[in-house]
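Asks: First residue of the sequence shown: 44, per the working numbering; consecutive thereafter.
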Amino acid sequence: MRLLLDLGNTRLKWAWSPGEGLVGAGHATHRNHGLPAALTELLRDSAVPDEVRVANVAGPAAGKLVAEAVFARFGFSPVFARSRAAAYGLKNGYREPAQLGVDRWLAMCAAWRKRPGPLCVVDAGTAVTLDVIAADGTHSGGLIFPGVALMVAALRQETGDLDQFAGPGFSPEMPTICAADRDALGTD
Numbered sequence: 044m045r046l047l048l049d050l051g052n053t054r055l056k057w058a059w060s061p062g063e064g065l066v067g068a069g070h071a072t073h074r075n076h077g078l079p080a081a082l083t084e085l086l087r088d089s090a091v092p093d094e095v096r097v098a099n100v101a102g103p104a105a106g107k108l109v110a111e112a113v114f115a116r117f118g119f120s121p122v123f124a125r126s127r128a129a130a131y132g133l134k135n136g137y138r139e140p141a142q143l144g145v146d147r148w149l150a151m152c153a154a155w156r157k158r159p160g161p162l163c164v165v166d167a168g169t170a171v172t173l174d175v176i177a178a179d180g181t182h183s184g185g186l187i188f189p190g191v192a193l194m195v196a197a198l199r200q201e202t203g204d205l206d207q208f209a210g211p212g213f214s215p216e217m218p219t220i221c222a223a224d225r226d227a228l229g230t231d
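(1) Return the chain-ordered ranges of every alpha helix (DSSP H) run that is complete within the region 73-115 and spans a minimum of 4 residues.
(2) Determine the extent of the alpha helix (DSSP H) in which Leu193 is found, giving its start and end residues.
(3) DSSP beta-bridge partners for Thr181?
(4) Could you check if Asp93 is buried or exposed, using at least 16 other CB atoms within 10 Å of its CB as the buried criterion?
(5) May I have the straight-line CA-CA distance separating Ala170 from Arg45, to the nearest angstrom?
(6) Have a look at Val42 and Ala68 and give me their C-alpha separation to the nearest angstrom.
(7) Nearest-angstrom Cα distance between Ala81 and Thr72?
(8) Can you name, in chain order, every residue of its own chain whose Cβ lies under 6 Å from the Cβ of Gly144, other than the five neighbours on each side?
(9) Using the Cβ count rule (16 or more neighbours within 10 Å means buried), how would you classify Asp88?
(10) Using the three-state DSSP reduction, which class does Trp45 fall into: helix, strand or coil?
(11) Let me make sure I understand the geometry here. Which of Ala167, Gly77, Gly184 has the alpha-carbon closest to that of Leu193?
(12) Let's see if you can read the secondary structure: which residues bound the alpha helix (DSSP H) around Ala150?
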């Protein structure tokens with residue numbers, strides 16, 4: 044059984060993999076120095092996995108915390124995923140493959156393995172990424188821009204009058220029609 048860790052900029056996500064598929068998935072917010080507590084909670088009562096695999100975009104310090112916590116709990120080091128020049132017939136479009144975020148690379152690899160052919164892979168988290176894969180498996184390029192929470196935070200910080208008009212914020216339950224309606228800003 045493998046323990047898979049996805050260490051993003053805001054959340055630590057995990058799942059157990061018996062080989063194919065995922066079981067026992069969960070997540071914890073680690074922003075603002077909450078990573079040690081999230082790791083302690085996750086690993087404290089965990090069964091010992093055969094291996095731990097990590098995708099880390101939260102930076103070297105966060106990766107070091109994960110490596111130390113895994114070693115302290117299980118007695119072995121985790122394997123950190125890296126972006127490569129090519130894998131599974133997919134070709135990384137970056138001149139320096141390691142500069143492509145490993146989360147984006149792994150999402151593209153998974154999408155390509157599931158459905159080889161022209162693809163647009165979108166991941167929406169702290170940041171939103173959009174990557175295009177050509178029919179021959181070449182990564183044609185992509186975009187990265189702030190996610191909803193970062194955009195709202197920037198607007199609130201950089202615009203003087205927004206708070207007096209803005210409603211409680213965005214949620215998954217908010218109908219998309221609200222984007223073109225007065226409800227988007229909570230006004231009459």
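Think of the CB as a built atom: it goes at the ideal place given N, C-alpha and C, for glycine as much as any other residue.
Replies: For this structure:
(1) Listed in chain order, the complete alpha helix (DSSP H) runs (minimum 4 residues) inside the region 73-115 are 78-87.
(2) The residue labelled residue 193 in the question sits at position 150 within the sequence shown. Element bounds for Leu193: 191-201.
(3) As a first step, residue 181 must be located in the sequence shown, where it is residue number 138. Paired residue(s): Lys134.
(4) In the sequence shown, the residue the question calls residue 93 occupies position 50. Classification for Asp93: exposed.
(5) In the sequence shown, the residue the question calls residue 170 occupies position 127. In the sequence shown, the residue the question calls residue 45 occupies position 2. Note on geometry: alpha-carbon atoms of Ala170 and Arg45 lie some 27 Å from one another.
(6) Any property of residue 42 remains undetermined from this structure, which presents the chain solely from 44 to 231.
(7) Looking up residue 81 in the sequence shown gives position 38. Looking up residue 72 in the sequence shown gives position 29. Computed Cα separation, rounded: 7 Å.
(8) Your numbering for residue 144 matches position 101 in the sequence shown. When the five nearest sequence neighbours on each side are left out, the beta carbons in the same chain lying within less than 6 Å of the beta carbon of Gly144 are those of Val100, in order along the chain.
(9) Taking the sequence shown and counting its residues from 1, one reaches residue 88 at position 45. By the 10 Å Cβ count, Asp88 comes out exposed.
(10) Translated into the one-based positions of the sequence shown, residue 45 becomes position 2. In the sequence as presented, Trp is not what sits at residue 45; that position holds Arg. In the displayed model, Arg45 falls within a strand according to three-state DSSP.
(11) Looking up residue 193 in the sequence shown gives position 150. Of the listed residues, the one whose Cα sits closest to Leu193 is Ala167.
(12) In the sequence shown, counting from the first residue as 1, residue 150 sits at position 107. 145-157 is the span of the alpha helix (DSSP H), which, as asked, contains Ala150.
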